[in-house]
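Written below as structure tokens is the structure these notes are about.
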Amino acid sequence: MEKKTLIKFLNGACSPEETSQVEKWLDLPGSREELDLILQDSWEAIPEYSEDEAVDRILDNIRLEIQPSRKITRWKPDSHLLKIAASFILFGLVSLGIFKFAQQKEPAVQETLKVYSRETKVGEKLRIRLPDQTYVVLNANSRIEFDSDYGKSKRSIKVSGEAFFDVASNEKVPFIVDSGELQTTALGTEFNVFSRDGIEKIALTEGKVKVEIENLPTADTKFLEPGQMATLKENTGEISSSSFDPTILTAWKEGRIRFRRTSLKDIVANLQTWYGVEIQVKKTINLNRKVSGEFNNESLENILEGLSFSMGFSFSINENQVSITN
738 MEKKTLIKFL
748 NGACSPEETS
758 QVEKWLDLPG
768 SREELDLILQ
778 DSWEAIPEYS
788 EDEAVDRILD
798 NIRLEIQPSR
808 KITRWKPDSH
818 LLKIAASFIL
828 FGLVSLGIFK
838 FAQQKEPAVQ
848 ETLKVYSRET
858 KVGEKLRIRL
868 PDQTYVVLNA
878 NSRIEFDSDY
888 GKSKRSIKVS
898 GEAFFDVASN
908 EKVPFIVDSG
918 ELQTTALGTE
928 FNVFSRDGIE
938 KIALTEGKVK
948 VEIENLPTAD
958 TKFLEPGQMA
968 TLKENTGEIS
978 SSSFDPTILT
988 AWKEGRIRFR
998 RTSLKDIVAN
1008 LQTWYGVEIQ
1018 VKKTINLNRK
1028 VSGEFNNESL
1038 ENILEGLSFS
1048 MGFSFSINEN
1058 QVSITN
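Remember, the numbering used here sits 737 above the position in the sequence shown when you count from 1.
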């Protein structure tokens, strides 16, 4: 008789045909001795159980299966054999439970990441300290965004507008800034990120950074040294590098506005962002005319007063509306 069939019989899992086969086999000479050997092997292969109550319940089930009214009355297992059978069944049930448990798919544990953002309105600036002690100075009308995983396995941050970073050094976890199409990677350094109107600029003041086009790292990559700036213009797919004057480009974070041969068009755009105003310029004014100057925490009126003197225009301020005329 096959061992697996006997096991099914002892567990009450045999079909009527298999049950009949086992009962006929038990009538044969030597069947009991063979069954004893099978059960003895199984007994030695499993650990001792102390759950007497559980064993007793299984013994009761076996006795119900092997009752005097059935054809196998000539085979009356002793209590020791019944205990072996009970242990065998118990072992089978435990194994089955473990197997079913192992087959269950472990539910995916999805940690919901929180997204944090900081932003400034026009005319505002903000200094922020990130969890890893990196400092960010956010210019007016700008925004940064990072998630609750920041500083653990990664240090990734998104920027729109303009921000200056003083990055805390951590060689194991690079600092990555996503400013739109460009991705800037640094370990410990200081750099300025500008991203407005489809133009992105990364200006390095200290350390070293890698600048690449996001999702296209092999397309064009620049490694910047202090005093170098990478620029990506909209829809070009190319990064150009040039030198810059840190005292001019990063003056904004200290409350200073510096212009060096800057067009009136760019100056107007900067003033609108800094002071939260709308500036209307008369068409007869030459917006391409360039001027140099420096203003340290000055009011908008004082700045316009200085510019009007050197550029020969008139202006008026009515709350957040500014008009520049001849």
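Glycine included, every Cβ here is placed at the ideal spot set by N, Cα and C.
Only counting the same chain, and skipping five residues up and downstream in sequence, which positions put a Cβ closer than 6 Å to that of residue i?
i: residue 1059; result: 1014, 1016
i: residue 1068; result: Because the chain here runs from 738 to 1063, residue 1068 falls outside it and cannot be looked at.
i: residue 958; result: 949
i: residue 1002; result: 1024
i: residue 751; result: 745
i: residue 912; result: 892, 904, 923
i: residue 960; result: 947
i: residue 768; result: 762
i: residue 771; result: none
i: residue 1063; result: 1021
i: residue 1040; result: 1032
i: residue 1057; result: 1014
By Cβ distance, which residues of its chain are closer than 8 Å to residue i, with the 5 residues on each side in sequence left out?
i: residue 966; result: 938, 939, 940, 941, 978, 979, 980, 981, 986
i: residue 1004; result: 996, 1028, 1044
i: residue 1034; result: 992, 993
Is it right to say residue i is buried, meaning 16 or more other beta carbons lie within 10 angstroms of its own, or is it exposed?
i: residue 1020; result: exposed
i: residue 976; result: buried
i: residue 1046; result: exposed
i: residue 1049; result: exposed
i: residue 892; result: buried
i: residue 992; result: exposed
i: residue 739; result: exposed
i: residue 765; result: exposed
i: residue 929; result: buried
i: residue 936; result: exposed
i: residue 921; result: buried
i: residue 857; result: buried
i: residue 805; result: Residue placement at residue 805 cannot be trusted, given a pLDDT of 47 that sits under 50; the coordinates are not used to answer.
i: residue 753; result: exposed
Rank the options by C-alpha distance to the C-alpha of residue i and give the top, closest one.
i: residue 852; options: 869, 876, 750, 883; result: 883
i: residue 1032; options: 1042, 1024, 1023, 1026; result: 1042
i: residue 872; options: 863, 904, 891; result: 904
i: residue 919; options: 964, 996, 969, 911; result: 969
i: residue 990; options: 865, 998, 743, 741; result: 865
i: residue 926; options: 915, 947, 916, 881; result: 947
i: residue 729; options: 874, 945, 854, 875; result: This structure cannot speak to residue 729, because the chain is shown only from 738 to 1063.
i: residue 1022; options: 758, 1034, 1061, 1056; result: 1061
i: residue 1006; options: 983, 914, 934; result: 934
i: residue 964; options: 984, 951, 974, 862; result: 984
i: residue 870; options: 890, 881, 902; result: 902
i: residue 758; options: 743, 943, 1039; result: 743
i: residue 962; options: 951, 974, 952, 943; result: 943
i: residue 900; options: 881, 741, 1054; result: 881
Using 8 Å for Cβ pairs, my map puts residue i next to residue j. What's the rounded Cβ distance?
i: residue 1044; j: residue 1028; result: 7 Å
i: residue 850; j: residue 879; result: At roughly 23 Å, the Cβ-Cβ gap does not stay under 8 Å, so residue 850 and residue 879 are not in contact.
i: residue 1000; j: residue 1025; result: 5 Å
i: residue 995; j: residue 988; result: 4 Å
i: residue 894; j: residue 914; result: 6 Å
Near residue i, what residues of its chain come up, given a Cβ to Cβ distance below 7 Å and the 5 sequence neighbours on each side ignored?
i: residue 868; result: 887, 888
i: residue 817; result: At residue 817, the pLDDT of 47 sits below 50, so the modelled position is not reliable; the number obtained from the coordinates is stated separately. Answer for residue 817: no residue qualifies.
i: residue 860; result: 877, 1011, 1012, 1013
i: residue 932; result: 896, 897, 898, 916, 917
i: residue 908; result: 924
i: residue 1018; result: 1005, 1024, 1061
i: residue 863; result: 855, 857, 875
i: residue 785; result: At residue 785 the pLDDT is 47, less than 50, meaning the model places this residue with poor confidence; the figure from the coordinates comes in the next sentence. So the list is empty, once near-sequence residues are dropped.
**OP:** Ignoring anything shorter than 3 residues or poking outside the stretch 935-991, list the beta strand (DSSP E) runs there in chain order.
**Re:** 936-943, 946-950, 953-961, 965-969, 976-980
**Sequence ranges, alpha helix (DSSP H) only - wholly within the stretch 980-1063, length at least 4** = 983-986, 1001-1012, 1037-1048
- Any beta strand (DSSP E) of 3 or more consecutive residues that is wholly inside the stretch 857-909: 863-866, 872-875, 880-884, 892-903
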